[in-house]
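Step one of this worksheet: look at the structure below.
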Amino acid sequence: ETGVTQSPTHLIKTRGQQVTLRCSSQSGHNTVSWYQQALGQGPQFIFQYYREEENGRGNFPPRFSGLQFPNYSSELNVNALELDDSALYLCASSLAQGGNSPLHFGNGTRLTVT
Amino acid sequence: AQSVTQLGSHVSVSEGALVLLRCNYSSSVPPYLFWYVQYPNQGLQLLLKYTSAATLVKGINGFEAEFKKSETSFHLTKPSAHMSDAAEYFCAVSDAGGTSYGKLTFGQGTILTVHP
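Residue numbers (the numbering used here), protein chains in the order written: chain A, 1 to 114; chain B, 115 to 230.
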């Protein structure tokens, strides 16, 4: 069973640039969620995708956007990067969109904005 | 709105001692509750979950947690700490009604240090 994989593992960008982070879901999982974890904090929910549509969003501005593909892989796009966007971005997949379906997390992408 | 409070950002125990990590939650609907562990430079691994069945939940690596509705608590325990338990632990809540679509609200985390 292949777990959740994310790429790249580390990334350095300049303020104002755009970035795309990628995630491959665990085999058989049809739901993907993205979380932002700032240094020393717990993860914060960005959004969730189910069947290629966004169906839940946290308190993040529209410059955070995403996609889910037919094979359930996903992308997180962030435009107009700000210094505060520096964080570990975690992708998590699950079997269903319900609240009791455990999330399986990848190892994350560490984004540094300078 | 849901929230999670983890009491103590750092907990230090000796190897073999009891581990107790505290978590209190706030939720307007019946909650699902989770404990995750995060090792350095890694993602989160599920330790255990409460989904309205037995109030005492057993997880991996000898951890367990008890759901106490009257105290709105879900504390994590392990009878005997091992050096490999050193990590950061996160408590999280999700609502059982499905309206959150699986959104987890996490606490700030507790870093567990185990001394020889």
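Yeah, the Cβ is synthetic: ideal placement off N, Cα and C, and Gly gets one too.
The model shown is predicted, which means the values in this text are computed figures rather than measured ones.
### Query
Which residues, taken in chain order from the region 156 to 185 of chain B, show a beta carbon closer than 7 Å to some beta carbon of chain A?
Gln156, Gly157, Leu158, Leu160, Lys163, Thr165
### Closer than 6 Å: B/Tyr203 CB and nearest the ligand MN heavy atom
Judged by which ligands are present, the structure shown has none, so any question about the ligand MN falls away.
### Query
Any beta-carbon of chain A closer than 7 Å to the one on B/Gly221?
yes
### Task
Check whether the Cβ atoms of B/Val118 and B/Thr219 sit closer than 7 Å, and answer yes or no.
yes
#### Entry: Residue closest to A/Leu88, alpha-carbon to alpha-carbon, out of A/Leu95, A/Gln44, A/Thr31, A/Gly28
A/Gln44
### Query
Are the region 66 to 79 of chain A and the region 22 to 37 of chain A touching, with three or more C-beta to C-beta distances below 8 Å?
yes
### Task
Could you tell me which chain B residues have their CB closer than 7 Å to the CB of A/Phe105, listed as they occur along the chain?
Gly157, Leu158
### Message
Can you check which of these residues, A/Gly66, A/Arg63, A/Leu95, is closest to A/Ser27 by C-alpha distance?
### Response
Check the Cα spacing between A/Ser27 and each of A/Gly66, A/Arg63, A/Leu95: the tightest is with A/Leu95.
### Query
What residues are listed by DSSP as bridge partners for B/Ala201?
B/Leu226
### Task
Tell me, please, whether the region 119 to 134 of chain B touches the region 175 to 194 of chain B by the rule of three or more beta-carbon pairs shorter than 8 Å.
yes
### Query
Could you give the residue range of the beta strand (DSSP E) that holds A/Gly66?
64 to 68
### Query
In its own chain, which residues sit with a C-beta less than 6 Å from the C-beta of A/Gln17, not counting the 5 before and 5 after it?
Excluding residues within five positions, the ones whose Cβ falls inside 6 Å are Leu81.
### Task
For B/Gly122, collect the residues of the same chain with a Cβ closer than 7 Å to its Cβ; drop the 5 residues on either side in sequence, then sort them by chain order.
Arg136, Thr224
### Task
Using the Cα positions of A/Gly40 and B/Gln222, report the straight-line distance between them to the nearest angstrom.
8 Å
#### Entry: Element boundaries [beta strand (DSSP E), containing A/His29]
For A/His29, there is no enclosing beta strand (DSSP E), since its DSSP letter is neither H nor E.
### Query
Are the region 4 to 14 of chain A and the region 57 to 70 of chain A touching by the rule of at least three beta carbon pairs closer than 8 Å?
Contact fails: fewer than three Cβ-Cβ distances are below 8 Å.
#### Entry: Partner residues on chain A for B/Leu318, Cβ-Cβ distance less than 7 Å
Only positions 115 to 230 of chain B appear in the structure, and residue 318 of chain B is not among them; the question remains open.
### Query
Interface residues of chain B around A/Phe45 at Cβ under 8 Å?
Lys217, Leu218, Thr219
### Query
Tell me, which residues are paired with A/Phe45 by DSSP?
A/Tyr35
### Task
Pick helix, strand or coil for B/Gly176, following the three-state DSSP scheme.
B/Gly176 falls in the helix class under three-state DSSP.
### Task
Measure the CB-CB distance between B/Val151 and B/Leu161 and report whether it falls below 7 Å.
yes
#### Entry: CB contact check: B/Phe204 to chain A, cutoff 7 Å
Yes, B/Phe204 lies at the interface with chain A (some Cβ there is under 7 Å from its Cβ).
### For A/Ser33, the nearest candidate out of A/Thr109, A/Leu103, A/Thr5, A/Asn59 (CA to CA)
A/Leu103
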